[in-house]
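Heads up, the thing below is written out as structure tokens.
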Amino acid sequence: MHRILRTLPALFAVAFALDAQAKDPKELVIGTSAGPYADQIKLGIKPILERQGYKVKLVEFNDYVQPNFALAEGSLDANVFQHITYLTRFATEHKLALAPLVTIPTAPIAIYSSKHKTLAEVKQGTTVALPNDPTNQARALVLLDKLGWIKLRAGVDPIRASEKDVAQNLKQIRLLPLEAALLPRSLQDADYAFVNGNYALASGLKLSDALIREQISPAYVNLVAVRAADKEKQFAKDIAAAYRSREFLQVTNQHFREYAKTDYQLALENTK
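Using my numbering, you'd call the opening residue of the sequence shown number 778 and step up by one each time.
Okay, here's the thing in structure tokens:
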């Protein structure tokens, strides 16, 4: 796996070199995960930027690895799929000069089930699917601790919790770590599954279908990321301004009502 990850930057450099050389300076290529964050751009951000003369191209990814390598290599101008905890860990581990630009309305990670109507049906041997990437797995484990299904060891950093930090399996559940994109499909077999909001909505699940949703902390609010060298460039400022606009707030209220709004959106609502 690590060998594959090390080769990805080179692959992206080759695949996109010609496109990068011929790129129109007013063309913005934004990478995102299929589903709600792509929809936010299509419905709210792209129209604003196109009125300013930009040509906006979306590239949709089905994992949490390729978008950051593609951004670092220059085939993307920005990406929209991750929170600050994941960005910081990934950029540090792979020595990528990436930076957060602006936060966005975020769908929470939540527990879904196609086999059970309530969480009270948990019993010994119940299978629980959860993300296998470290940051999102930590979110799931913290919620399981709050539910009383497991007990994490005392003093564990909730942002870095992993399976090895499970001190007690109080409900004797079976944890099934999976790639985040596969979690909606795991509902066919697992009793319960933690599903990230973007993948839940992309698969046809509704946030209202969840048996319980996390209260999103600042550590898990999704964001737009750019190369650190580009953060003060005009296109980056224009992307940030589009997300901070009252027009995008209206799109959020119309199409993404159940999402956790950003601090700047809440401030806008208080200054009507």
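C-beta: ideal position from N, C-alpha, C; glycine also.
What you are looking at is a predicted structure, and each value in this text was computed from that prediction instead of being measured.
About 20 Å separates the CB atoms of I861 and A1019; that is not less than 8 Å, and the two are not in contact.
In the three-state reduction of the DSSP assignment, S963 falls in the helix class, which pools H, G and I. Contact check for Y976 against A957 passes: the beta carbons are separated by less than 8 Å.
Pairing A1005 with A874 gives a Cβ-Cβ distance under 8 Å. Here N999 is buried: its Cβ has 16 or more other Cβ atoms, across all protein chains shown, within 10 Å. Taking the Cβ atoms as the reference, A996 lies roughly 20 Å from V1003, outside the contact range of under 8 Å. Here the segment 1034-1048 makes no contact with the segment 829-842; the two share fewer than three CB pairs at distances below 8 Å. With contacts defined by Cβ atoms closer than 8 Å, V905 and L964 do not form a contacting pair. Per the coordinates, the alpha-carbon of P882 lies some 35 Å from the alpha-carbon of Q945. Just measuring C-alpha positions, the residue of N1030, L896, E837, W926 sitting nearest A979 is E837. Contact annotation, S939 with A915: C-beta distance approximately 7 Å; criterion of less than 8 Å satisfied. Sequence-distant Cβ neighbours of R1023 in its own chain, meaning closer than 7 Å and more than five residues away, are L1045.
Using a 10 angstroms sphere on the CB of Q859, the tally of other CB atoms reaches 16 or more, which defines it as buried.
Taken in chain order, the complete alpha helix (DSSP H) segments of 4 or more residues contained in the segment 879-939 are 911-924. Judged by DSSP secondary structure, Q859 falls within the beta strand (DSSP E) whose first and last residues are 855-860.
In the DSSP assignment, N999 falls within the unbroken beta strand (DSSP E) covering 999-1004. Three or more beta-carbon pairs separated by less than 8 Å are not found between the segment 917-931 and the segment 865-873, which leaves the two stretches without contact.
Proximity to N909 across V806, E991, V842 peaks at V842, based on C-alpha coordinates.
F846 has its alpha-carbon roughly 13 Å from the corresponding atom of T809.
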